[in-house]
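*Asks:* Before I ask anything, let me first share the structure, which is written out below as structure tokens.
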Amino acid sequence: MKRLSICLLLVLLLSANVLAADYKIGFNNALSGVYCLDILENFAVYGAEALGVDLMVVNDEGTIEKSISNVENMIASGVDGIVYFGLSDATFAIVAKMCADARVPLVLYDHLPTPDTLAHLRNNPYFAGAVGEDDYDAGYPIGEFAAATGAKTAVLVTGNRGDTTHEARVKGFTEAFEGAGGKVLDIAWAATGGRAEALKKSEDLLVAYPDVDVVYTTSGEPAVATMEVLQKYADLGIQYYVTDLDPPILEGLQEGKISAANGAHWINSGLAVALLHNFLEGNPIKDANGQAPVFHVPIIVLEAGQYKAYEEQWLNNMPFTPEEIRNLSVKYNPAASAESFETLLANYSVEQRIMDKFEAGIITEEDLERYGF
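Converting from the sequence shown to my numbering requires adding 365 to each position, the first position being numbered 1.
Here you go:
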């Protein structure tokens, strides 16, 4: 009986070892409980599970100090690599040095460094690259879309002045809209980015410019507040545009309160996990110049009639299958390369993803009809 128990124990231990994750990767959520950040975490977890990776998630609680200490703690816990969300070039530099000193590879997600900082990071042998978005490319297509409707005037509600994300989105919208003959009349900078401030700032703008054609809000949280204010001015026929696709924004699209919104760039987190996985597998991905790559996720525009497709195929399901995620890693696809990532991103749009899923048998003709395709 004793020998049988020992044998059973050995079998269980061996089975657990076979099923154990290949790597433990650290991942920081800048502030848990905020939808646009939690959805990044969710897709990173999804990507890690597809790749057989154990993801150690920490909450930075919205502070740089906590972000740095969390990296220290993850390194001390023995993670094999880190996928990091930074708030500034300074944090990128600090974390990159910590990782290099500990010989822990690092990939950045969502927020990207400036060109000068990126050049410095690429001299670090433990910097494996980044996957994020160009926030200028969030504002620009919305500005183009608004101008194409014939709108001539716009006001903007955005975040803190100096925040590179919001500054870039404002610049992108303004240059596209004014380049097409429109005029941005005013910009409300919300220092806290909170609901109460956005309510007041957007109300002030609409009182000052009741004849404006367009309002654009650069992120989901203040956008919901601005949408509420706009309902008081519904008879003015103002077009409303948003960057970020939070659930209340989808509801606004469905109800016709929002003309169009863009986002869905949160897939960058799972792709960053795949990028790091290649490094850990001994296949560091390089760009055409032989450097650690930076991949830009398109920020796709979702028109009012497409809300159902996004809700069902991005939120209720995932836009990519586990097989598609695994195809990005050399462990599952010996041909995985920078081109694998580039091809996937070049075809990232609502229309293409829906048709790809239809051809794969994931969605039906009835689904296509419901989605308006």
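Quick reminder that beta carbons are idealized off the backbone N, C-alpha and C, glycines included.
By how many angstroms is the C-alpha of P658 removed from the C-alpha of E704?
*Replies:* In the sequence shown, residue 704 corresponds to position 339, counting from 1. In the sequence shown, residue 658 corresponds to position 293, counting from 1. So the two alpha carbons sit approximately 11 angstroms from each other.
*Asks:* What do you get for E406, buried or exposed, if any count of 16 or more other CB atoms within 10 angstroms of its CB means buried?
*Replies:* On the sequence shown, residue 406 is found 41 positions in, with the first residue counted as 1. Buried, because 16 or more other Cβ atoms sit within 10 Å of the Cβ of E406.
*Asks:* Taking the Cβ atom as the reference point for each residue, do G508 and G546 lie within a distance shorter than 8 angstroms?
*Replies:* For this step, residue 508 is matched to residue 143 along the sequence shown. For this step, residue 546 is matched to residue 181 along the sequence shown. Not a contact, by the Cβ cut-off of 8 angstroms.
*Asks:* Label R468 either buried or exposed according to how many other C-beta atoms from any shown protein chain fall within 10 Å of its C-beta, with 16 as the threshold for buried.
*Replies:* The residue given as residue 468 occupies position 103 in the sequence shown. By the 10 Å Cβ count, R468 comes out exposed.
*Asks:* Would you call the segment 436 to 446 and the segment 717 to 728 touching, i.e. three or more CB-CB distances under 8 angstroms?
*Replies:* no
*Asks:* Using only the alpha-carbon positions, how far apart do E562 and I690 sit?
*Replies:* Counting from one through the sequence shown, the residue named residue 562 turns up at place 197. Counting from one through the sequence shown, the residue named residue 690 turns up at place 325. Put simply, the backbone Cα of E562 is about 40 angstroms away from that of I690.
*Asks:* Use the C-beta contact count for K597: other C-beta atoms within 10 angstroms, 16 or more gives buried, fewer gives exposed.
*Replies:* Within the sequence shown, the letter at position 232 stands for residue 597. With fewer than 16 Cβ atoms within 10 Å of its Cβ, K597 is classed as exposed.
*Asks:* In this structure, how does DSSP classify V329 when only helix, strand and coil are distinguished?
*Replies:* Since the displayed the chain opens at 366 and closes at 738, residue 329 lies outside it and no answer follows.
*Asks:* Ignore the nearest five residues each way along the sequence and tell me which others in L473's own chain have a CB closer than 6 angstroms to its CB.
*Replies:* What you label residue 473 is simply residue 108 of the sequence shown in a count that begins at 1. Scanning its chain for C-beta atoms nearer than 6 angstroms, with the 5 sequence neighbours on each side dropped, one finds around L473 the residues Y449, A495, in chain order.
*Asks:* Less than 6 angstroms between C-beta atoms, sequence neighbours within five positions excluded: which residues of the same chain meet that for E668?
*Replies:* Within the sequence shown, the letter at position 303 stands for residue 668. In its chain, beyond the 5 residues on either side, A625 have a beta carbon closer than 6 angstroms to the beta carbon of E668.
*Asks:* At which residue ranges does the segment 590 to 646 contain complete alpha helix (DSSP H) runs of 4 or more residues, listed in the order of the chain?
*Replies:* 612 to 619, 633 to 645
*Asks:* Counting beta carbon pairs with one atom in the segment 452 to 461 and one in the segment 505 to 525, are three or more of them shorter than 8 angstroms?
*Replies:* no
*Asks:* Per DSSP, what are the beta-bridge partners of V472 in this structure?
*Replies:* Taking the first residue of the sequence shown as position 1, residue 472 is located at position 107. BP columns for V472 point to V448, G494.
*Asks:* Buried or exposed, going by whether 16 or more other CB atoms sit within 10 Å of the CB of V572?
*Replies:* Against the sequence shown, residue 572 aligns to sequence position 207. So V572 counts as exposed.
*Asks:* What does the alpha-carbon distance come out to for the pair I614 and V589?
*Replies:* Locating residue 614 in the sequence shown gives position 249, counting from the first residue. Locating residue 589 in the sequence shown gives position 224, counting from the first residue. Rounded to the nearest angstrom, the two C-alpha atoms are 7 angstroms apart.
*Asks:* Who pairs with W554 in a beta bridge, going by DSSP?
*Replies:* As a working mapping, residue 554 is identified with position 189 in the sequence shown. W554 pairs with T523.
*Asks:* Would N643 be called buried (16 or more neighbouring beta carbons within 10 Å of its own) or exposed?
*Replies:* Here residue 643 corresponds to residue number 278 of the sequence shown, with the count starting at 1. By the neighbour-count rule (16 or more Cβ atoms within 10 Å), N643 is buried.
*Asks:* Report the rounded CA-to-CA distance for F764 versus D576, giving the unit in angstroms.
*Replies:* Residue 764 falls outside the range modelled here, since the chain spans only 366 to 738, and no answer is possible.
*Asks:* Between the C-alpha atoms of K696 and L416, what's the straight-line distance to the nearest angstrom?
*Replies:* The residue labelled residue 696 in the question sits at position 331 within the sequence shown. The residue labelled residue 416 in the question sits at position 51 within the sequence shown. If you take the alpha carbons of K696 and L416, they lie about 9 angstroms apart.
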